[in-house]
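J.:
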Amino acid sequence: MLHQLSWKVGGQQGEGIESTGEIFSMAMNRLGYFLYGYRHFSSRIKGGHTNNKITVRATEVRAITDDLNILVAFDQETIDVNYKELAANGIILADAKFNPVSPEDCQAPLFAVPFTEIATDLGTSLMKNMVAIGATASLLNLEDEVFQSVVDEIFGRKGEVVVQKNMEAIAQGHAVMNELLGDRVGEWELVQADGKHRMFMIGNDAVALGALAAGVRFMAAYPITPASEIMEYLIDKLPEVGGAVIQTEDEIAAATMAIGANYGGVRSFTASAGPGLSLMMEAIGLSGMTEQPLVIVDTQRGGPSTGLPTKQEQSDLMAMLYGTHGEIPKVVIAPSTAEEAFYDTIQAFNIAEELQLPVIILTDLQLALGKQTVEPFDYSKVEIRRGNLVDNVEAPEVDKAYFKRYAVTEDGVSPRVIPGVEHGIHHVTGVEHDETGKPSEAPSNRAAQMEKRFRKLDAINFKEPIYARTEHEDADVLVVGFNSTRGAIDEALERLNDQGMKVNHAQVRLIHPFPVEEMQVLMDKAKKVVVVENNYTGQLANIMKMNVGGHNKITTINKYDGTPFLPGEIETKVKELLK
Amino acid sequence: MATFKDFRNNVKPNWCPGCGDFSVQAAIQRAAANVGIEPHELAVISGIGCSGRISGYINSYGFHGIHGRALPIAQGLKMANRNLNVIASGGDGDGFAIGMGHTVHGLRRNLDLTYIIMDNQIYGLTKGQTSPRSEAGFVTKSTPEGAIEPAVKPLELALTTGATFVAQSFSTDIKELTAIIEAGIKHEGFAFINVFSPCVTYNKVNTYEWFKENLTKLSDIEGYDPSNREQAMKTVMEHDGWLTGIIYQDTETPSYQKKVDRYAEDALSASDLALGEDKFNALVKEFM
Chain A
1 MLHQLSWKVG
11 GQQGEGIEST
21 GEIFSMAMNR
31 LGYFLYGYRH
41 FSSRIKGGHT
51 NNKITVRATE
61 VRAITDDLNI
71 LVAFDQETID
81 VNYKELAANG
91 IILADAKFNP
101 VSPEDCQAPL
111 FAVPFTEIAT
121 DLGTSLMKNM
131 VAIGATASLL
141 NLEDEVFQSV
151 VDEIFGRKGE
161 VVVQKNMEAI
171 AQGHAVMNEL
181 LGDRVGEWEL
191 VQADGKHRMF
201 MIGNDAVALG
211 ALAAGVRFMA
221 AYPITPASEI
231 MEYLIDKLPE
241 VGGAVIQTED
251 EIAAATMAIG
261 ANYGGVRSFT
271 ASAGPGLSLM
281 MEAIGLSGMT
291 EQPLVIVDTQ
301 RGGPSTGLPT
311 KQEQSDLMAM
321 LYGTHGEIPK
331 VVIAPSTAEE
341 AFYDTIQAFN
351 IAEELQLPVI
361 ILTDLQLALG
371 KQTVEPFDYS
381 KVEIRRGNLV
391 DNVEAPEVDK
401 AYFKRYAVTE
411 DGVSPRVIPG
421 VEHGIHHVTG
431 VEHDETGKPS
441 EAPSNRAAQM
451 EKRFRKLDAI
461 NFKEPIYART
471 EHEDADVLVV
481 GFNSTRGAID
491 EALERLNDQG
501 MKVNHAQVRL
511 IHPFPVEEMQ
521 VLMDKAKKVV
531 VVENNYTGQL
541 ANIMKMNVGG
551 HNKITTINKY
561 DGTPFLPGEI
571 ETKVKELLK
Chain B
1001 MATFKDFRNN
1011 VKPNWCPGCG
1021 DFSVQAAIQR
1031 AAANVGIEPH
1041 ELAVISGIGC
1051 SGRISGYINS
1061 YGFHGIHGRA
1071 LPIAQGLKMA
1081 NRNLNVIASG
1091 GDGDGFAIGM
1101 GHTVHGLRRN
1111 LDLTYIIMDN
1121 QIYGLTKGQT
1131 SPRSEAGFVT
1141 KSTPEGAIEP
1151 AVKPLELALT
1161 TGATFVAQSF
1171 STDIKELTAI
1181 IEAGIKHEGF
1191 AFINVFSPCV
1201 TYNKVNTYEW
1211 FKENLTKLSD
1221 IEGYDPSNRE
1231 QAMKTVMEHD
1241 GWLTGIIYQD
1251 TETPSYQKKV
1261 DRYAEDALSA
1271 SDLALGEDKF
1281 NALVKEFM
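Protein chains in written order, with the numbering used here: chain A, 1 to 579; chain B, 1001 to 1288.
(1) In the DSSP output, which residue or residues are listed as bridge partners for SER1061 of chain B?
(2) Between VAL1166 of chain B and ALA1158 of chain B, what straight-line distance do the alpha-carbon atoms span, to the nearest angstrom?
(3) Interface residues of chain B around THR248 of chain A at Cβ under 8 Å?
(4) At 8 Å on the CB atoms, spell out the chain A contacts of ARG1030 of chain B, in chain order.
(5) Apart from the five residues just before and just after GLN507 of chain A, which ones in its own chain have a Cβ nearer than 8 Å to its Cβ?
(6) Would you identify the three-state DSSP class for GLY10 of chain A, choosing helix, strand or coil?
(7) Could you tell me which of B:GLN1168, B:MET1118 and B:GLU1038 sits nearest to MET1001 of chain B, measuring between CA atoms?
(8) Between the beta-carbon of GLU569 of chain A and the beta-carbon of ASP67 of chain A, is there less than 9 Å?
(9) Could one say the Cβ of ASN1034 of chain B lies closer than 9 Å to chain A's Cβ atoms, at least one of them?
(10) Note down, in chain order, all residues in the stretch 262-282 of chain A with a beta-carbon under 8 Å from any beta-carbon belonging to chain B.
(11) Do ILE118 of chain A and GLY173 of chain A count as a contact pair if the criterion is CB distance below 9 Å?
(12) Between which two residues does the beta strand (DSSP E) holding GLU251 of chain A run?
(13) Would a check of beta-carbon distances place LYS330 of chain A closer than 9 Å to chain B?
(14) One question on the structure: do ILE1174 of chain B and SER1023 of chain B come within less than 9 Å of each other, judged by their Cβ atoms?
(15) Does the CB of ILE1054 of chain B have a neighbour CB from chain C at under 9 Å?
(16) Taking only the alpha-carbon atoms, compute the straight-line gap between GLU229 of chain A and THR373 of chain A and give it to the nearest angstrom.
(17) Cβ of LYS1110 of chain B within 9 Å of Cβ of THR1143 of chain B?
(18) Go through its chain and collect everything with a Cβ distance to PRO415 of chain A's Cβ below 6 Å, but skip five positions before and after it.
(19) Going by beta carbon distance, what residues of the same chain come within less than 6 Å of LEU277 of chain A, once the five residues before and after it are set aside?
(20) Relative to the C-alpha of ALA369 of chain A, which residue among A:ALA254, A:TYR36, A:LYS8 and A:HIS3 is closest?
(21) With contact counted as at least three CB pairs below 8 Å, one residue from each stretch, are the stretch 278-298 of chain A and the stretch 1090-1100 of chain B in contact?
(22) Quick one: using the 10 Å Cβ neighbour count with 16 as the cut-off for buried, is ALA273 of chain A buried or exposed?
(23) Is the stretch 1233-1247 of chain B touching the stretch 1272-1279 of chain B in the sense that three or more CB pairs, one from each, lie closer than 8 Å?
(24) By the criterion of Cβ-Cβ separation under 8 Å, what are the contact partners of SER1269 of chain B in chain A?
(25) Any beta carbon of chain B sitting closer than 9 Å to that of PRO439 of chain A?
(26) Please classify THR429 of chain A as buried or exposed, where buried requires at least 16 neighbouring CB atoms within 10 angstroms.
(27) Across which residues does DSSP place THR429 of chain A in a beta bridge pair?
(28) With three or more beta-carbon pairs closer than 8 Å as the criterion, would you say the stretch 1046-1053 of chain B touches the stretch 1061-1071 of chain B?
(29) Between ALA334 of chain A and ALA193 of chain A, which are expected to be in contact by the criterion C-beta below 8 Å, what is the C-beta distance as a whole number of angstroms?
(30) Closest Cβ-Cβ distance between LYS237 of chain A and chain B: below 9 Å?
(31) How about GLY10 of chain A and GLU77 of chain A: do their beta carbons lie closer than 9 Å?
(32) Note down, in chain order, each residue of its chain lying with its Cβ closer than 6 Å to the Cβ of PRO309 of chain A, except the 5 sequence neighbours on either side.
(33) Using a Cβ-Cβ cut-off of 6 Å (strictly less than) and excluding sequence neighbours within five positions of GLN292 of chain A, which residues of its own chain qualify?
(34) For GLU15 of chain A, which residues from the same chain have a beta carbon less than 7 Å from its beta carbon, with the 5 sequence-adjacent residues on both sides left out?
(35) Counting only C-beta atoms, is TYR1061 of chain B closer than 9 Å to chain A at any point?
(36) Taking the alpha-carbon positions, what's the LEU1107 of chain B to GLY1184 of chain B distance?
This is the structure in structure tokens:
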């Protein structure tokens, strides 16, 4: 029996590849398996090769596998592009319709299965993916019933007949594959899972649900890959709590509208990717200068410019830390998993209100869109803190004296009052201002307000700024990463430690303000530091050099070809560096 | 009840003596008092430029944002608190150059707020460059041979973009201007008000005298019906836009907020942030 299975389905974009992966994954999830998905897709609606690779394991998994056990192909291109990934026990199931050909140097057996033919005989070729799922069931020795609840859910509203037909497609695919495989039926059977029910979601779902749980009632956003799922989820859910989403004319409107709603006392945010964030830079400065809470999600994708819109990259880091002219206090949070994305989103909204500043939730395409298994979120861990929000103001001693919205305080945080509150009248401006918000260019006031704004960062309340796996006090190497690389690094670490090397791992979760002391301690325990990042210039490594000592220890492993790191790539590179 | 004096604060405007913006400020203060609201129930959101300073000169909540973005900030605020009276204001550069996209989409979105453009057909704070409202041939620092682009036509623009309230006024006529702003505040939807507010320092063509000679009051046109969009467009074109009064008002189309699905009836800012355990667990279960 297999400990882990890697399954991939591929074909032309727009022919149901995504839903084939979805139905297979959901069924495996409901059996209690852990899953981790990776979507290869292009910036077009129909046509072009697309595939969905899913890792299935009875224990926790957070990385894409280096190799592949089962390849389900709906066209020849899928075979040609992917066969080299196949492991020793690899197998190709291809639709007989396109007369699949095995490449010359392909070791894996290729089975031509009449996916389309069976589906067409049952009424529609659209069901060819269900036949393929049935064929997969034969390899894994799964009962067809495991797909019943998923099929009910997806096709239920189309009526009982459609449900039955789809189940019949699975059954026939299963039967045909049994015949073709002969005594190899069930050779890819997985060790049994615990049957526990867990969530299965993309990072964008986790961020969106986190926002809702954090009390968000308004979102302003402009569609963009790979962020749109966040607004789509909230368009569906916010009306249930009286809230709303406005799809704006551009990202400038999205960010400034979110500022306006936060000013009005409603937890609001926007979500976008690099090009949108570039447009929001002036608004981010406005939020910093006027001390209006603002949360922005940046789902990083390949840049610069339009770059690689559907591919993995982690190259917005510097722009998120330093973007906007002038100097403002800002917080940048970078969750690594869907679970962290949920809890960190809640932290982001709390910090934005407590410190009255912009908070950026940085994710990346693989985290945003890769579907993964998550332990059910715990409501008791959802905490809402709104900071110094005042709803009762006493009448001023002097008539028409403005409320000191920007009072210079010890921790830099001033009382915040929202429009509509009696006696709370004050001015808000992006011009340098005095304690009541009125414009002031006086040098002493300027200095006092600058210092006050930056002082707020000292009071940041962020749980676990670094995810650390550091069992070695005298490590050969500390591997550092951020966002979705966590799983691949962890798996490489396990392999390297098994081979006798002493490897520690630190995944930075709070990037700005940088957790200097925490990172320094971890660095001091290692002879070398390797920063793994999906960019060309080594942005996280540079940020580390700006904050911690021991620069000569730091090297980087960079990847900027649009694909996420695989555990084997990190394993090999770290070994080379340790030679 | 508050009077217009309650909407005055103790800040001295830094506008040039004779600037049309003084009267716009006074008209907003009078209109707010006439509508019967208290200073804390009003928020004035402004852009950047001479006119942008207006939010600091009225005793109300005020937000002086970034160039061209008064409208999205105002719309976000209104979504947060539908009980608040929100006035967005700015200059012709703010509304018809850098913020033109927001003007067009604000008009078609029809959120319940009032947008006042202080139109002086010139860039004042940057010391006299051409504006999208400058007429062709207008000589400025940036158009020494005269502007070669035609001027934006605010009324025609608004009428073709789904506006439900379109008005124009002249800052000197404070009585008419006050009445129009009052009607704009009362209008349930997006009220677009373009106000000729002469720049006495940099615009030596479109002066007070020029406007007095060239403007026609709609109240002087017999049988004018502001609910008739076709007549409105025809009249505007006949006068090349040099009109004052309420050009068009559609009282039937509901505001954006009335159309939002299940949108909170009270201020959204008053809603309970906690989802509650049952609701939360139901949402979690959808992913299982």
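A virtual CB, placed ideally from N, CA and C, is assigned to each residue, including glycine.
T.: Judging by the given coordinates:
(1) To locate residue 1061 of chain B, count along the second sequence from 1; it is residue 61. The residue asked about is misnamed: residue 1061 of chain B is Tyr in this sequence, not Ser. Its beta-bridge partners are B:ALA1043.
(2) For the purposes of this step, residue 1166 of chain B is taken as the residue at position 166 of the second sequence. For the purposes of this step, residue 1158 of chain B is taken as the residue at position 158 of the second sequence. If I take the Cα positions, the gap works out to 7 Å.
(3) To locate residue 248 of chain A, count along the first sequence from 1; it is residue 248. Neighbours of THR248 of chain A on chain B, chain order: PRO1072 and HIS1105.
(4) Locating residue 1030 of chain B in the second sequence gives position 30, counting from the first residue. The premise fails here: ARG1030 of chain B is roughly 17 Å from chain A at the closest Cβ pair, so nothing lies under 8 Å.
(5) Locating residue 507 of chain A in the first sequence gives position 507, counting from the first residue. Here the set comprises SER336, ILE466, TYR467, ALA468, VAL480, GLY481, PHE482, THR485, ARG486 and ILE489.
(6) Taking the first sequence and counting its residues from 1, one reaches residue 10 of chain A at position 10. GLY10 of chain A: strand per DSSP, three-state reduction.
(7) Within the second sequence, residue 1001 of chain B is the residue found at index 1, counting from 1. Closest by alpha carbon: B:GLU1038.
(8) Counted from its first residue, the first sequence places residue 569 of chain A at position 569. Counted from its first residue, the first sequence places residue 67 of chain A at position 67. No, Cβ-Cβ distance for GLU569 of chain A and ASP67 of chain A is not below 9 Å.
(9) Within the second sequence, the letter at position 34 stands for residue 1034 of chain B. Answer no: the Cβ-Cβ gap between ASN1034 of chain B and chain A never drops below 9 Å.
(10) ASN262, TYR263, GLY264, GLY265, VAL266, ARG267, SER268 and GLU282
(11) Position 173 of the first sequence, counting from 1, holds the residue named residue 173 of chain A. Position 118 of the first sequence, counting from 1, holds the residue named residue 118 of chain A. Yes, Cβ-Cβ distance for GLY173 of chain A and ILE118 of chain A is below 9 Å.
(12) Counting from 1 along the first sequence, the entry for residue 251 of chain A is found at position 251. Not the beta strand (DSSP E): GLU251 of chain A falls in the alpha helix (DSSP H), residues 251-263.
(13) The sequence position of residue 330 of chain A within the first sequence is 330, counting from 1. Not one chain B Cβ lies under 9 Å of LYS330 of chain A.
(14) Position 174 of the second sequence, counted from the start, is the residue given in the question as residue 1174 of chain B. Position 23 of the second sequence, counted from the start, is the residue given in the question as residue 1023 of chain B. Yes; because the gap between Cβ atoms is below 9 Å, this pair is in contact.
(15) Any reference to chain C falls outside this structure, whose protein chains are A and B.
(16) Your numbering for residue 229 of chain A matches position 229 in the first sequence. Your numbering for residue 373 of chain A matches position 373 in the first sequence. Each residue's Cα considered, the two are about 18 Å apart.
(17) Residue mapping note: residue 1110 of chain B aligns to position 110 of the second sequence, counting from 1. Residue mapping note: residue 1143 of chain B aligns to position 143 of the second sequence, counting from 1. The residue you asked about is not Lys; residue 1110 of chain B is Asn in the sequence shown. Going by C-beta atoms, ASN1110 of chain B is not nearer than 9 Å to THR1143 of chain B.
(18) Counted from its first residue, the first sequence places residue 415 of chain A at position 415. Excluding positions up to five away in sequence, the list reads ASN388 and VAL390.
(19) Here residue 277 of chain A is taken as the residue at index 277 of the first sequence, counted from 1. Cβ within range, chain order: ASP298.
(20) Here residue 369 of chain A refers to the residue found at position 369 when the first sequence is read from its first residue. Ala is not the amino acid found at residue 369 of chain A; the sequence shown has Leu there. Closest option to LEU369 of chain A, Cα to Cα, is A:TYR36.
(21) no
(22) To locate residue 273 of chain A, count along the first sequence from 1; it is residue 273. Buried is the call here.
(23) no
(24) Working through the second sequence from its first residue, we reach residue 1269 of chain B at position 269. Those are GLY264, GLY265, VAL266, ILE418 and GLY420, listed as they occur along chain A.
(25) Position 439 of the first sequence, counted from the first residue, corresponds to residue 439 of chain A. It does: the Cβ of PRO439 of chain A has a partner Cβ on chain B nearer than 9 Å.
(26) Within the first sequence, the letter at position 429 stands for residue 429 of chain A. It is buried - the Cβ of THR429 of chain A has at least 16 other Cβ atoms within 10 Å.
(27) In the first sequence, counting from the first residue as 1, residue 429 of chain A sits at position 429. THR429 of chain A is bridged to B:HIS1064.
(28) yes
(29) Taking the first sequence and counting its residues from 1, one reaches residue 334 of chain A at position 334. Taking the first sequence and counting its residues from 1, one reaches residue 193 of chain A at position 193. Actually they do not touch by this definition, with Cβ atoms about 31 Å apart.
(30) The sequence position of residue 237 of chain A within the first sequence is 237, counting from 1. Yes, its Cβ sits closer than 9 Å to a Cβ of chain B.
(31) One-based indexing of the first sequence puts residue 10 of chain A at position 10. One-based indexing of the first sequence puts residue 77 of chain A at position 77. Contact: yes.
(32) Against the first sequence, residue 309 of chain A aligns to sequence position 309. If we look at PRO309 of chain A and ignore the five residues flanking it on each side, its Cβ neighbours are SER43, THR225 and ARG301.
(33) Locating residue 292 of chain A in the first sequence gives position 292, where the first residue counts as 1. Excluding sequence neighbours, GLN292 of chain A sits near ILE259, ASN262 and TYR263.
(34) Position 15 of the first sequence, counted from the start, is the residue given in the question as residue 15 of chain A. PHE74.
(35) The count along the second sequence starts at 1 and reaches residue 1061 of chain B at position 61. Closer than 9 Å: yes.
(36) In the second sequence, counting from the first residue as 1, residue 1107 of chain B sits at position 107. In the second sequence, counting from the first residue as 1, residue 1184 of chain B sits at position 184. Going from the Cα of LEU1107 of chain B to the Cα of GLY1184 of chain B covers about 13 Å.
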